[in-house]
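Report on the structure given below.
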Amino acid sequence: MDRLDELSTFLAVIETGSLAAAARRLRRSPAAVTRTLAALEGRIGARLIERTTRRLAVTPAGRRLADEARAVLAAYETAMAREEAGPLRGLLRISAPLVFGRRHVAPLLGRFLDAHPQLAAELVLNDRNLDLVDEGLDVALRIGALADSSLVARKVGEVRRQVVAAPAYIARRGAPQRPAELAAHDVVYASTQPGPTEWRFDSRLGREAVRLRPRLMVNAIEAAVAAVVEGRGVSRLFSYQVADELADGRLVRLLEDWEPSPIPVQLVTASSRLMPPRVRAFLDFAAVELSALPVIRPA
1 MDRLDELSTF
11 LAVIETGSLA
21 AAARRLRRSP
31 AAVTRTLAAL
41 EGRIGARLIE
51 RTTRRLAVTP
61 AGRRLADEAR
71 AVLAAYETAM
81 AREEAGPLRG
91 LLRISAPLVF
101 GRRHVAPLLG
111 RFLDAHPQLA
121 AELVLNDRNL
131 DLVDEGLDVA
141 LRIGALADSS
151 LVARKVGEVR
161 RQVVAAPAYI
171 ARRGAPQRPA
181 ELAAHDVVYA
191 STQPGPTEWR
201 FDSRLGREAV
211 RLRPRLMVNA
221 IEAAVAAVVE
231 GRGVSRLFSY
241 QVADELADGR
251 LVRLLEDWEP
261 SPIPVQLVTA
271 SSRLMPPRVR
281 AFLDFAAVEL
291 SALPVIRPA
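Shown next as structure tokens:
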């Protein structure tokens, strides 16, 4: 947790008068605010706010820290205002999934750097969700629900999990009519995470879980797409990963009625306050650029 963000959260609790109200202001869960406050108290070694079921009371130590925190944050805001008056500079560290990052985040990051010649950037492509604070990341693009409720998210689109196969494979083996039939098909199983080889379906038609015996397993999405295009089997992939292949007919979409609800695509940061100008500018730029992408635009 960023130390300035801890102070900002502490002041939000004092100014709003409750953990729930502070959470609403900061767009976080009450549990995340409680954890941040507890971490700060542990670091200080003193109780800052007495909490009961009815009210909060700031302790003498809390009042002293609040005065100092306001001075620190005011100095930070003044420094940031000076930075905002000049050109963007410094290093941006961005994370994104491999395929999406290579196809969509890298090009827009290049355009952003062209517009800000004194800025540098590092793009970390990884299908694992990296911890923003531990890894020193400014912004991450995440596909799926957020496990960390303390993150601040800006939705830019959505994707679906789609079952696909090549027309030649369908002509040879037929098209499954319900998920259970996939167990009898050749499956190209793509996964960058360890776990059971199964696909779960939760749609308006019901729920089904299909245990698979893959004919081919790969840990790289683009290799899976290539194998399916060659007619080696059926696979289940994110819609953005196969958008071009579906558009030009190299792949066919199967079991559309069984597709689960869309999955959000979001830009996330560790905090929305005390954000360096370069990070805020990139977030605003990337949100506009990504929201215009047809591959993640809601259907």
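Numbering (our numbering), first residue to last: 1 to 299. The beta carbon of each residue, even a glycine, is placed where N, CA and C say it ideally should be.
Query, Result
"Is Met1 helix, strand or coil by DSSP?", "Note on Met1: pLDDT 47, under 50, position unreliable in the model; the coordinate value appears next. Looking at Met1 - three-state DSSP - the assignment turns out to be coil, as it is neither helix nor strand."
"Can you find at least 3 beta carbon pairs, one from the stretch 60-78 and one from the stretch 42-49, that sit closer than 8 Å?", "yes"
"Please determine, among Ala22, Arg27, Asn126, the residue with the shortest C-alpha to C-alpha distance to Ser271.", "Arg27"
"Could you give the distance in angstroms between the alpha-carbon of Ser235 and the alpha-carbon of Val229?", "10 Å"
"Run through DSSP, which three-state label would Pro30 get?", "helix"
"At the level of alpha carbons, what is the spacing between Val300 and Val288?", "There is simply no residue 300 to check, as the chain begins at 1 and stops at 299 in what is shown."
"Considering only DSSP beta bridges, list what Thr52 is partnered with.", "In DSSP, Thr52 forms no bridge with anything."
"Any idea if Asp134 is buried or exposed, counting beta-carbon neighbours within 10 angstroms, 16 or more meaning buried?", "exposed"
"In this structure, how does DSSP classify Gln241 when only helix, strand and coil are distinguished?", "helix"
"Would you please state the rounded distance, in angstroms, between the beta carbons of Pro167 and Val188? I believe it to be under 8 Å.", "Between Val188 and Pro167 the Cβ distance is about 15 Å, and since that is not below 8 Å, they are no contact."
"Do you know offhand how far Thr269's Cα is from Leu283's?", "9 Å"
"Whose CA, out of Arg102, Ala140, Arg160, Gln241, lies closest to the CA of Val152?", "Ala140"
"Give the DSSP bridge partners of Met217, in chain order.", "Tyr189"
"In the DSSP assignment, find the unbroken alpha helix (DSSP H) run with Leu283 in it and report its ends.", "277-291"
"Measure the alpha-carbon distance for Ala23 versus Ala39 and round it to whole angstroms.", "16 Å"
"According to DSSP, is Ser8 helix, strand or coil?", "helix"
"Please state whether the Cβ-Cβ distance between Gln162 and Arg250 is less than 7 Å.", "no"
"Rounded to whole angstroms, what's the CA-CA distance from Val242 to Met217? Just pull it up for me.", "17 Å"
"Below 7 Å between beta carbons: does that hold for Val265 and Glu158?", "yes"
"Are Leu98 and Asp138 closer than 7 Å when you measure CB to CB?", "no"
"Kindly indicate which residue of Ile170, Ala120, Arg173, Ser291 has the alpha-carbon position closest to the one of Arg278.", "Ala120"
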